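**Q** Questions regarding the structure given below will be posed in turn.
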Amino acid sequence: TDKYSDQPELATYLTARLAIAMRDLSRVRMALKLASSVIVKAPDGMARYVAESFLNRGYGVLEALTPPYKWATARDFFQKSVELLPANAAALYLLGMAELELGNAKEAAAMMERSLVLDLDFKAPYVNLGVAYLRLSRFDEAIEVSEALLKRHPESPQCHYHIGVACFQKAQKLENRGSQRSPNRPQEVADLKSRALSELLESRESEEGQRLANRGIRGGPGKSDSPWLDADEEMVIALQRGRTGLISASRLPAVELPDNIGWRFYGWRN
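For any residue, its number in the numbering used here is found by taking its place in the sequence shown, counting from 1, and adding 48.
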């Protein structure tokens, strides 16, 4: 900070950026505290707002990463970051991620949609927007956003999973609406079933999917998270059973999606 003592905004930004990149959370906290002591010297203006926005992002990331993962506190910091710099894609995504972790899927979707308008190449908002859409039963949008990411980042098993879940739910609902009313409906249902099984299996067979199966996302049992939830297993079994004959011949059972449906992806863009 001494090197840029005459530019407190730049000193704050660089110090906060370094802090977010650190792995040791105690050092992160120390660096952010140092940055906080520098920014108070800066005059009001856009440069200060940008630096303060980044600083608040840093504090939010720290709270989100500190056990027991204080997402409510993190949300307050991310909200302040957005208020200081409303057009910051990363801050909007992180605010959306906090809302998602706190169970507010509608608010999460709104923030991540805004983030993607500003940055179409950031993987995390696409994946987690897919999570939010599944939790809101917005299945067409879950498929659309997942397909969009796969065009940019083909190695994204989370998207295959979200497409699979969405296709299953769409197929099940179409069947129970009375598929015979439309001559094309049975084929549409069959196509959805086929794609659902293909996408779900691809997500499970991916390297990331196998890693989760073997040890669980937080080191616990492998079925604690997508794509290995009990609901996922129900969907796969139902789809595989249908393949013993014509895939459209076996009517899908209703599978209630749990509150934690969705394969989240944590991105801490610094």
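Ideal placement from N, C-alpha and C gives every residue a C-beta, glycine not left out. Keep in mind it's a predicted model, so treat the numbers as computed, not measured.
If you compare alpha carbons, which of N262, R263, R65 and Q288 is closest to F216?
**A** Against the sequence shown, residue 216 aligns to sequence position 168. Taking only the C-alpha atoms, the option nearest F216 is Q288.
**Q** Is it true that the region 88-95 meets the region 106-121, where meeting means three or more beta-carbon pairs spaced less than 8 angstroms apart?
**A** As far as the Cβ criterion goes, the region 88-95 does not touch the region 106-121, which means the pair count is below three.
**Q** Judging by CA-CA distance, which residue of E111, E155, V76 and M159 is the nearest neighbour of V130?
**A** Within the sequence shown, numbered from 1, the residue matching residue 130 stands at position 82. For V130, the nearest C-alpha among the options comes from M159.
**Q** Please look up how many angstroms separate the CB atoms of K218 and F187, rounded, as I've assumed it's under 8 angstroms.
**A** What you label residue 218 is simply residue 170 of the sequence shown in a count that begins at 1. What you label residue 187 is simply residue 139 of the sequence shown in a count that begins at 1. Between F187 and K218 the Cβ distance is about 5 angstroms, and since that is below 8 angstroms, they are a contact.
**Q** Could you check if K321 is buried or exposed, using at least 16 other CB atoms within 10 Å of its CB as the buried criterion?
**A** Because the chain in this structure spans residues 49 to 318, residue 321 falls outside the shown range and cannot be described.
**Q** Quick check on DSSP: helix, strand or coil for T114?
**A** Translated into the one-based positions of the sequence shown, residue 114 becomes position 66. Looking at T114 - three-state DSSP - the assignment turns out to be coil, as it is neither helix nor strand.
**Q** If you compare alpha carbons, which of E250, A112 and V193 is closest to R77?
**A** Stepping through the sequence shown from its first residue, residue 77 is reached at position 29. Comparing Cα-Cα distances from R77 to each of E250, A112 and V193, the minimum goes to A112.
**Q** Which of helix, strand or coil does DSSP assign to G144?
**A** Here the question's residue 144 lines up with position 96 in the sequence shown. The answer is helix: DSSP assigns G144 an H, G or I state.
**Q** So what's V303 in DSSP terms, helix, strand or just coil?
**A** For this step, residue 303 is matched to residue 255 along the sequence shown. DSSP places V303 in coil when its eight states are reduced to three.
**Q** Please classify K154 as buried or exposed, where buried requires at least 16 neighbouring CB atoms within 10 angstroms.
**A** Residue mapping note: residue 154 aligns to position 106 of the sequence shown, counting from 1. Classification of K154: exposed, given that the 10 Å Cβ count is below 16.
**Q** Taking just the CA atoms, how far does R162 sit from R263?
**A** By 1-based counting over the sequence shown, the position of residue 263 is 215. By 1-based counting over the sequence shown, the position of residue 162 is 114. Cα-Cα distance, rounded: 35 angstroms.
**Q** Where does the unbroken alpha helix (DSSP H) through V193 begin, and where does it stop?
**A** As a first step, residue 193 must be located in the sequence shown, where it is residue number 145. Unbroken alpha helix (DSSP H) run through V193: F187 to R200.
**Q** Since G212 is in the alpha helix (DSSP H), which residue starts that stretch and which ends it?
**A** Here the question's residue 212 lines up with position 164 in the sequence shown. That run of the alpha helix (DSSP H) goes P205 to N224.
**Q** Could you give the C-beta distance for V213 and F313, rounded to a whole number, given that I count them as a contact under 8 angstroms?
**A** Sequence index remark: in the sequence shown, residue 213 carries index 165 (1-based). Sequence index remark: in the sequence shown, residue 313 carries index 265 (1-based). Not confirmed; about 15 angstroms, so no contact.
**Q** Could you please give the first and the last residue of the uninterrupted alpha helix (DSSP H) stretch that includes S242?
**A** Taking the sequence shown and counting its residues from 1, the one referred to as residue 242 is at position 194. Segment R233 to E253, the alpha helix (DSSP H) holding S242.
**Q** Report all residues from its chain with a CB closer than 7 angstroms to the CB of L101; omit the five preceding and five following residues, and keep chain order.
**A** As a working mapping, residue 101 is identified with position 53 in the sequence shown. Per the sequence shown, residue 101 should be read as Ser rather than Leu. Hits under 7 angstroms: S129, L132, L133, N136 and A139.
**Q** Using 8 angstroms for Cβ pairs, my map puts G108 next to A67. What's the rounded Cβ distance?
**A** Here residue 108 is taken as the residue at index 60 of the sequence shown, counted from 1. Here residue 67 is taken as the residue at index 19 of the sequence shown, counted from 1. The pair is not a contact, with the Cβ atoms about 12 angstroms apart (cut-off 8 angstroms).
**Q** Residues in the same chain with beta-carbon distance under 8 angstroms from E247, minus the five sequence neighbours each way, listed in chain order, please.
**A** By 1-based counting over the sequence shown, the position of residue 247 is 199. Answer for E247: H208, Y209, I211, G212 and C215, listed in chain order.
**Q** At which residues does the alpha helix (DSSP H) containing L132 begin and terminate?
**A** For the purposes of this step, residue 132 is identified with residue 84 of the sequence shown, where counting begins at 1. That run of the alpha helix (DSSP H) goes W119 to L132.
**Q** Check the C-beta distance from V165 over to G178 and give it rounded, since I have them as a contact under 8 angstroms.
**A** The residue given as residue 165 occupies position 117 in the sequence shown. The residue given as residue 178 occupies position 130 in the sequence shown. Their Cβ separation, rounded to whole angstroms, is 16 angstroms, which puts V165 and G178 out of contact at 8 angstroms.
**Q** Ignore the nearest five residues each way along the sequence and tell me which others in S254's own chain have a CB closer than 7 angstroms to its CB.
**A** Position 206 of the sequence shown, counting from 1, holds the residue named residue 254. Result list for S254: P205, in chain order.
**Q** Could you give the DSSP three-state label for D280: helix, strand or coil?
**A** Within the sequence shown, residue 280 is the residue found at index 232, counting from 1. Note: D280 maps to helix in three-state DSSP.
**Q** Since L103 and S85 are thought to touch, with beta carbons under 8 angstroms apart, how far apart are those beta carbons, to the nearest angstrom?
**A** Walking along the sequence shown from the start, residue 103 turns up at place 55. Walking along the sequence shown from the start, residue 85 turns up at place 37. About 11 angstroms; that fails the 8 angstroms criterion.
**Q** In its own chain, which residues sit with a C-beta less than 7 angstroms from the C-beta of D54, not counting the 5 before and 5 after it?
**A** Position 6 of the sequence shown, counting from 1, holds the residue named residue 54. Excluding sequence neighbours, D54 sits near nothing in its chain.
**Q** Since S84 is in the alpha helix (DSSP H), which residue starts that stretch and which ends it?
**A** Position 36 of the sequence shown, counting from 1, holds the residue named residue 84. That run of the alpha helix (DSSP H) goes L73 to I87.
**Q** If you drop the 5 nearest sequence neighbours on each side, which residues of the same chain put their C-beta closer than 7 angstroms to that of L182?
**A** Within the sequence shown, numbered from 1, the residue matching residue 182 stands at position 134. So the qualifying residues of the chain are A190, H210, V213, A214, L305, I309 and G310.
**Q** So the alpha helix (DSSP H) R29 belongs to, where does it begin and stop?
**A** This structure leaves residue 29 out entirely; the chain is present only between 49 and 318.
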